[in-house]
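Below is one structure; the comments refer to it alone.
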Amino acid sequence: MTPAERAHADRQMRWIMALTVPVYFATWGLVLDGWFIGTAGLAWATALVYAGLHAVENRWRGHCMLSADATAVPAAALVYGAGIAWLSYHFHPELEGWRALSALFAFGSALMAGHVAAFAWAALVGWALERWWTLPPQAPADVPADASADGGREA
839 MTPAERAHAD RQMRWIMALT VPVYFATWGL VLDGWFIGTA GLAWATALVY AGLHAVENRW
899 RGHCMLSADA TAVPAAALVY GAGIAWLSYH FHPELEGWRA LSALFAFGSA LMAGHVAAFA
959 WAALVGWALE RWWTLPPQAP ADVPADASAD GGREA
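Read in order, the letters of the sequence shown are residues 839 to 993 in the numbering used here.
Here it is in structure tokens:
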């Protein structure tokens with residue numbers, strides 16, 4: 839792979855990852871929104887933290903895929919876990935501990951559903967980018983640009 843092709847592939851990957859951030863946000867918000875009554879704000883705040891950290895990793899640190907998850911998942915888990923604990927303590931003291939712990943299942947479900955949706959979207963975006971945003975054909979490095987198919991010999 840030439841340096842130009844590598845740079846092009848990196849640019850395409852950044853576009854793909856940038857375009858999956860809204861999918862992460864929507865999926866996380868929708869999955870977490872219905873888990874506990876009265877936690878819609880927490881669900882969308884968690885989705886914002888998760889998607890926002892993906893955007894930060896992609897844009898400013900140049901990371902994508904698992905390296906973005908290494909930052910986003912712990913931060914979102916902290917926000918969601920602290921939020922559920924606070925809501926359970928202040929507004930739903932009748933909830934038993936095991937019921938509040940089921941929020942972990944919601945978090946895992948959001949994590950998996952978000953990745954399935956984002957990767958499906960990324961595949962579609964990647965296909966579209968490959969189809970409509972490709973590099974022009976380039977001559978191999980060892981062939982002079984003015985050489986014809988017969989090696990530069992004229993008939």
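Glycine included, every Cβ here is placed at the ideal spot set by N, Cα and C.
Note that this is a predicted model, so its numbers are computed, not measured.
Closest in C-alpha terms to S947, from the list V911, R899, L857, comes V911.
Taking the CA atoms as reference points, A878 sits about 17 Å from F943. Within the same chain, no Cβ atom closer than 8 Å to the Cβ of R849 is found once the five residues on either side in sequence are excluded.
In this structure, V869 sits near A881, with a CB-CB distance shorter than 9 Å.
For S905, the secondary structure class from DSSP, reduced to helix, strand or coil, is helix. In this chain, T877 is not harboured by any alpha helix (DSSP H), its DSSP state being neither H nor E. Here the C-alpha atom of A885 lies approximately 5 Å from the C-alpha atom of W866. Put simply, of L925, Y888, I922 the residue whose alpha carbon is nearest the alpha carbon of A914 is Y888.
The criterion of a C-beta distance shorter than 9 Å is not satisfied by H892 and M851.
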